[in-house]
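Report on one structure; see the data block that follows.
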Amino acid sequence: MASGPAAGVAQAPAVAPSTSGTAAAQAPAAVPSTNGATASQAPAAVPSTNGATTSQAPAAVPSTNGATTSQAPAAPAMAGAEATAAGPGTDTRPVDARALAEALAAKDAAALEPGMVPPMPVPSREKAPPFGKLQGLPRAQDLVARAKLEGNKLVVKGGKSAPDQVLTIDPGLQASLTKIMQNYQVPYGAAVVLEPSTGRVLAMAEHSEAKPELRGLAVRAVYPAASIFKIVTGSALMEAGVSPETEACFHGGKRRLNERQLEDTERDGACYSLALAMGKSANVIFAKMTSKHLSADALKRMAARLRFNREIPFAQPLDVSLAYIPEDGFALANTGAGFGDVYLSPLHGALLAAMAANEGRWVDPVLVEPEPFMPLPEPEPVLTPTAAHGLTKMLEETVTHGTARGVFRERGFQVKDAVGKTGTLADREPFRDYSWFVGFAPKDHPRVAVAALIVNDPKWRIRGSYLGREALRLALERIPAPVEVTAPAGAAGKH
0 MASGPAAGVA
10 QAPAVAPSTS
20 GTAAAQAPAA
30 VPSTNGATAS
40 QAPAAVPSTN
50 GATTSQAPAA
60 VPSTNGATTS
70 QAPAAPAMAG
80 AEATAAGPGT
90 DTRPVDARAL
100 AEALAAKDAA
110 ALEPGMVPPM
120 PVPSREKAPP
130 FGKLQGLPRA
140 QDLVARAKLE
150 GNKLVVKGGK
160 SAPDQVLTID
170 PGLQASLTKI
180 MQNYQVPYGA
190 AVVLEPSTGR
200 VLAMAEHSEA
210 KPELRGLAVR
220 AVYPAASIFK
230 IVTGSALMEA
240 GVSPETEACF
250 HGGKRRLNER
260 QLEDTERDGA
270 CYSLALAMGK
280 SANVIFAKMT
290 SKHLSADALK
300 RMAARLRFNR
310 EIPFAQPLDV
320 SLAYIPEDGF
330 ALANTGAGFG
340 DVYLSPLHGA
350 LLAAMAANEG
360 RWVDPVLVEP
370 EPFMPLPEPE
380 PVLTPTAAHG
390 LTKMLEETVT
400 HGTARGVFRE
410 RGFQVKDAVG
420 KTGTLADREP
430 FRDYSWFVGF
440 APKDHPRVAV
450 AALIVNDPKW
460 RIRGSYLGRE
470 ALRLALERIP
480 APVEVTAPAG
490 AAGKH
């Protein structure tokens, strides 16, 4: 196993926390509020993100008691778009970009409208961080905890009236990722690995040195999304006509934010493209571009497309990832930059990476192997091809020139052609440092998508980018690359 980075000690600066995912954990002197108050919408019957109520799987979700092995189907592909289930590099059929854009717009106006409103009040991260009320998943609802190793498979016994459930989990990969978190004594950590083309969950590892009895860390949405939300903002910007090469200029540093920085002035001496801003997690660029190009409804629609404020069908309880989108002004810009009241589960983070790997097509997660000859749900287009291509280009910057460059260049542990996004944010009292990495590899022919989260104390050993890199590296070692079969020279035309 790779040796980890040197232990760090968080220092308390006078400025707000970074959402960049850089290596130094920082305790902010003050955390800016994005809305001043929590949302007041009446709650619907969805899983709680704070553990106060019992999470419930939606009606279409397979039972967690072994009664069924089927996965809830995804929505059918939208009319007018030739979308397929194949991953990048495997499908050569044309996509009608205009028809797809029209279908997405119609879907926004109809089916996605309810998802624009959070189904329950969104907690204020400044006033009441939901992580403080974290509760574990009951063992009876945790399929991974209940599964027993049979050969090279994890199996949940069904009992007299229900069949056994064979999980998609790779036991070796699961054990390796768990061991990393145990060895580095992470206070709280989770790593999820998916097969992006199908949504099959290959690992859903977790560990808590602080509370070893906790289960379900990977399916709880009590962690600030931080700069991972830039994936949503960046996608919305590209569908609004902004390209990865579009530049914005700034002054006063790329990470600190104040309202005066939203306006263009003669003091703006540095300029970043949107792609470079994604890679370096330049908050000021995302705030300025959100202010200039996006309405609250545009950001809400993209968040809903990417399953924020919506249930995601899964074989066991999965928290809804909540996102409060302010109506306008600095609060909206602040949220677009990753400082808002937005919460994400590690499983949802891996699904965002899988969506990017699938060229803008969404797959629901699959934890239980389907019955023989039962097809998996078709991926659902959620981005136009142009936006999907641009998103991958931006995520590439994180690893090549941005906040994850150092950890992905460590000698002997590189991951070839990886792309992704880091995120870092801290609570002040009590201090908690959340660090994320979501991504996929290889870029052109993705085989794995991952999300990794570490919640650290002021003294730390590893962060999310290290765990995310190891998740990609170890998964790719276990999943062989597809073998290309070519016809012998001169074989064409012979019978």
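Just so you know, the sequence shown maps onto residues 0 to 494 in numbering that gives the first Met the number 0. C-beta atoms are modelled at their ideal positions from N, C-alpha and C, and glycine is treated no differently.
When C-alpha distances from Val362 are compared across Glu368, Pro371, Ala352 and Pro481, the shortest belongs to Ala352. Contact between Asp163 and Val154 holds, since their C-beta atoms are separated by about 5 Å, short of 8 Å. For Ile168, same chain residues with a beta-carbon under 6 Å away, outside a window of 5 residues either side, are Leu153 in chain order.
A check of alpha carbon separations from Met393 across Gln413, Pro429, Lys442 and Phe430 identifies Lys442 as the nearest. By DSSP's assignment, Gln164 forms a beta bridge with Val155.
Residue pairing of Asn455 in beta bridges, as defined by DSSP: Asp432.
With the rule of 3 Cβ pairs closer than 8 Å, the segment 374 to 386 does not count as touching the segment 417 to 433. With contacts defined by Cβ atoms closer than 7 Å, Glu396 and Leu471 do not form a contacting pair.
Pairing Ala161 with Phe313, the inter-Cα distance amounts to about 18 Å. Residue state for Arg309 is assigned as coil, using DSSP reduced to three classes. Of the candidates Ile324, Gly422, Ser272 and Ala451, Ile324 places its Cα closest to the Cα of Ser123. Between the C-alpha atoms of Lys210 and Thr264 there is a straight-line separation of about 50 Å. Judged by DSSP secondary structure, Lys287 falls within the alpha helix (DSSP H) whose first and last residues are Asn282 to His292. Where His206 is concerned, the enclosing beta strand (DSSP E) starts and stops at Arg199 to His206.
Beta-bridge partners assigned by DSSP to Ala417: none are found.
With a beta-carbon spacing of about 12 Å, Val414 and Tyr465 fall beyond the 8 Å limit used to define contacts. Membership of Tyr271 in the beta strand (DSSP E) is indicated by the continuous run Ala269 to Ser272. Phe436 places its beta carbon 7 Å or farther from that of Gly401. Taking one beta carbon from each stretch, the segment 267 to 287 and the segment 332 to 340 have 3 or more pairs nearer than 8 Å; the two touch. Taking C-alpha positions only, Val365 is separated from Lys291 by approximately 39 Å.
For Gln181, the CB contacts under 6 Å within the same chain, skipping 5 residues up- and downstream, are His206 in chain order. Secondary structure note for Tyr465: it is in no beta strand (DSSP E), and the uninterrupted alpha helix (DSSP H) holding it is Gly463 to Arg477. Apart from sequence neighbours up to five positions away, the residues of its chain that approach Met354 with a beta-carbon distance below 6 Å are Trp361, ordered along the chain. Given a length threshold of 4 residues, each whole run of the alpha helix (DSSP H) inside the segment 339 to 374 is given here in chain order: 345 to 356. Annotated as distal: Asp340 and Val116, with beta-carbon spacing of 7 Å or more.
With respect to the 7 Å criterion, Pro380 and Leu99 are classified as neighbours on the basis of their beta carbons. Lys147 is bridged by DSSP to Val154. With contact defined as three or more Cβ pairs closer than 8 Å, the segment 216 to 235 and the segment 371 to 379 are not in contact. Two segments are said to touch when three or more pairs of C-beta atoms, one from each, lie closer than 8 Å; by this definition the segment 448 to 463 touches the segment 173 to 187. In this structure, Leu452 and Pro345 form a Cβ contact; the two beta carbons are roughly 5 Å apart against a cut-off of 8 Å. The beta carbons of Leu166 and Arg477 sit no closer together than 7 Å.
Leu298 is a Cβ neighbour of Ala235, given a cutoff of 7 Å.
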